[in-house]
Amino acid sequence: MKSGLLLHACCAPCATVTVEEYARAGHEPTLFFHNPNIHPYMEFQRRLRALEEWASLQGIPLTTDQGYPLEENVAMLLSGNPRCAICFGERLAATALKASEAGFSAFGTTLSVSPYQDQELILRAGAEAGHRYGVEFIYIDCRPRYRDSVHISRTLGMYRQPYCGCVFSERDRYRQERKNVASKGIDSAPKKD
Ligand code: SF4
């Protein structure tokens with residue numbers, strides 16, 4: 272029999288294969304969207320809508336706190352170094368707290384599929400959050416399935432975001448794009464992937 276697990280979901284593309292991997296490991300995930308790090312607000316809404324559509328089609332339960340405390344979140348991201356450790360810590364602590372309140376004994380995260388995220392920081396943040404709220408952090412390294420997630424999300428016509436989430440990652444993504452365009456001497460709109 273599968274055991275319930277609260278799965279922090281950063282976005283729909285990452286959820287596609289991580290849900291499969293957690294299920295394969297004997298868990299029955301309920302998705303939890305808590306990502307107030309995503310800027311701007313309409314991008315946050317767009318990612319949430321894409322996840323809601325996919326979860327509904329798959330029949331996977333999804334819960335979200337819909338919180339978007341912009342001022343607190345920017346202040347938090349500016350308060351620590353490295354910024355991503357603060358960001359992972361806040362999101363996984365919120366997930367662990369939610370898991371504890373909702374009666375889940377364990378939680379995980381779809382962040383584990385990304386080859387672009389610091390997985391050591393994610394592991395540490397999850398373990399600390401689990402310890403703080405008395406729920407087990409179950410980490411599954413889903414990076415070998417990253418290409419599958421790209422393929423599935425493209426095939427389904429799913430929204431794929433072009434940057435990680437915070438306003439700093441948005442700046443860095445497009446600043447780099449502009450540098451690449453300038454060095455090639457061509458004009459081009461920013462692309463994702
Ligand atoms: S780059 Fe991504 S993980 Fe790092 S602080 Fe920004 S949104 Fe969070």
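Residue numbers 272 to 464, in this note's numbering, belong to the letters of the sequence shown in order. The beta carbon of each residue, even a glycine, is placed where N, CA and C say it ideally should be.
DSSP places Ala377 within a strand segment (E or B) once states are collapsed to three.
Only exposed fits Arg295, as fewer than 16 other CB atoms lie within 10 angstroms of its CB. The closest heavy atom of the ligand SF4 lies less than 6 Å from the beta carbon of Asn308. In the DSSP assignment, Pro353 is bridged to no other residue.
Comparing alpha carbon positions, the residue from Ser327, Thr334 and Arg317 closest to Glu372 is Thr334.
Distances from the CB of Cys281 to the heavy atoms of the ligand SF4 are all 6 Å or more. Of the heavy atoms belonging to the ligand SF4, none sits nearer than 6 Å to the Cβ of Cys285. In the three-state scheme derived from DSSP, where H, G and I count as helix and E and B as strand, His422 is classed as helix.
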